[in-house]
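This report refers to the structure that appears directly beneath it.
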Amino acid sequence: MGDVLAGFHAAWEFGSDSVLIRYERGIRTPKLFQALGERRVPLDAIEGVTLTPGRRGTVVLRVEPRAGADPLIEAAAGQLKESGDPYRLVLPAERETLAEYYADELRPLLTESGRTERYLVAPPEAPLQFKAYDGKASFDGKAVSFRWSWTGASSAKWKAGDQSFPVADLGGVEWRSPEMFEGYLRLLPRDADVSAATAAAAAPAVPQADQDPAAVVFGLGYGPVHESLPFAAAVLAAVRERGASAPVPVSVPAPRRDPADIAERIRHLGELHQQGLVTDEEFSSKKAELLAEL
């Protein structure tokens with residue numbers, strides 16, 4: 001079609017094989033949309049289109065992505081608010097006839113349905129990072145790293161030390177929205193990519209997110225949706241792209257740390273030791289590990 005339909009917060013350009021969604025930048029545009037920038041959605045990633053009445057004199061045009069087509073939607077797992085749905089285009093009610101025209105033009109082009117075998121919508125690009133309540137998460141496209149914050153990390157995470165997870169060792173990602181109670185991002189090991197029944201049976205062994213070195217927890221202002229969800233989607237896409245190929249061990253020398261940062265970590269470790277949360281042996285071992293990073 002090649003036409004553009006502009007609404008609140010976004011404009012949709014209809015092509016012969018895709019819909020290009022460009023999100024506006026502005027104080028009223030949801031931050032998730034601003035973070036996404038633009039997204040090209042292939043027509044074979046869409047299985048339906050609807051036009052419904054909206055709020056306060058608006059109508060809503062929405063394309064329905066196929067299950068498994070978009071890593072962002074899969075990572076969100078139904079937790080996005082309606083206003084944060086990237087597949088909704090809100091328009092003034094007086095443009096309903098025009099929106100209906102585009103919906104009618106689009107429907108005959110949608111020939112695919114059901115779950116996809118691979119992601120059809122491109123994920124957010126690495127490198128990505130965000131600040132969680134108990135640490136900083138970063139993803140370079142090959143591995144996810146968690147660097148703990150001395151002000152928020154639990155003693156269990158301090159004992160475990162900073163973490164690095166190669167994509168080859170991961171089976172998935174679990175994202176719980178920071179807008180819900182006890183939000184977090186958890187990395188699932190490769191052997192966790194199993195059936196629902198098996199996962200349910202193993203559930204009691206999974207530690208709380210604040211005690212799990214494979215998870216970072218969110219809080220007020222930490223791990224916001226527009227930062228943590230694209231991060232989760234990018235990791236999820238990398239895991240699926242990696243597929244069932246065998247992991248290749250890679251030895252990467254640890255980067256040298258800022259001496260001031262090491263000193264601060266040792267100080268915090270000493271406080272945990274004085275409080276009885278870390279044993280003498282754990283304190284000595286971890287202190288030697290930190291000093292070795294200088």
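All the letters of the sequence shown, read from the start, carry residue numbers 1 to 294 under our numbering.
Ideal Cβ placement from N, Cα and C applies to all residues, glycine included.
Report the three-state DSSP secondary structure of residue i (helix, strand or coil).
| i | result |
| --- | --- |
| residue 58 | strand |
| residue 123 | coil |
| residue 36 | helix |
| residue 95 | helix |
| residue 163 | strand |
| residue 154 | coil |
| residue 66 | coil |
| residue 117 | coil |
| residue 112 | coil |
In this structure, what does DSSP give as the bridge partners for residue i?
| i | result |
| --- | --- |
| residue 136 | 131, 147 |
| residue 217 | 184 |
| residue 52 | 60 |
| residue 90 | 8, 60 |
| residue 170 | 189 |
| residue 176 | 184 |
| residue 18 | 42 |
| residue 23 | 10 |
| residue 222 | 219 |
Can you give me the Cβ contacts of residue i inside the same chain, cut-off strictly under 6 Å, excluding the 5 residues immediately before and after it?
| i | result |
| --- | --- |
| residue 48 | 64 |
| residue 34 | 25 |
| residue 60 | 52, 54, 88, 90 |
| residue 44 | 112 |
| residue 15 | none |
| residue 129 | 138 |
| residue 102 | 5 |
Kindly list the residues whose CB is nearer than 7 Å to the CB of residue i, restricted to its own chain and excluding five residues on each side of it in sequence; keep chain order.
| i | result |
| --- | --- |
| residue 269 | 158, 278, 283, 286, 287 |
| residue 265 | 150, 290 |
| residue 242 | 167, 168 |
| residue 23 | 9, 10, 29, 33, 34, 36, 37, 38 |
| residue 232 | 75, 173, 175, 185 |
| residue 73 | 65 |
Between residue i and chain D, is any beta-carbon pair separated by less than 8 Å?
| i | result |
| --- | --- |
| residue 44 | Within the model displayed, chain D is absent; a lone protein chain is all it includes. |
Thinking residue i and residue j are a contact (beta carbons under 8 Å), I'd like their distance in whole angstroms, please.
| i | j | result |
| --- | --- | --- |
| residue 36 | residue 71 | Wrong, their Cβ atoms sit about 12 Å apart, outside the cutoff. |
| residue 139 | residue 214 | In fact, because the Cβ distance is near 14 Å, the residues do not count as touching under 8 Å. |
| residue 211 | residue 156 | 5 Å |
| residue 75 | residue 229 | 6 Å |
| residue 118 | residue 267 | With a Cβ gap of about 48 Å, residue 118 and residue 267 do not count as contacting. |
| residue 153 | residue 182 | With a Cβ gap of about 16 Å, residue 153 and residue 182 do not count as contacting. |
| residue 116 | residue 69 | 5 Å |
| residue 161 | residue 191 | That belief does not hold up - the Cβ atoms of residue 161 and residue 191 are roughly 22 Å apart, past 8 Å. |
Excluding the 5 residues preceding and the 5 following residue i in the sequence, name in chain order all residues of the same chain whose CB lies nearer than 8 Å to its CB.
| i | result |
| --- | --- |
| residue 19 | 12, 13, 40, 41, 43, 46, 63, 106 |
| residue 180 | 79 |
| residue 4 | 11, 12, 13, 14 |
| residue 255 | Its pLDDT being 47, under 50, residue 255 is placed unreliably by the model, and nothing is read from it. |
Check whether the stretch 236-245 touches the stretch 119-130, counting contact only when three or more Cβ pairs, one atom from each stretch, lie closer than 8 Å. yes
Three or more C-beta pairs under 8 Å: does that hold for the stretch 269-277 against the stretch 224-232? no
Using 8 Å as the Cβ pair cut-off and three pairs as the minimum, do the stretch 89-98 and the stretch 180-187 touch? no
Using 8 Å as the threshold, is the stretch 214-221 in touch with the stretch 130-142, meaning 3 or more CB pairs across them? yes
Are the stretch 142-154 and the stretch 94-101 in contact at 8 Å, needing three or more beta carbon pairs? no
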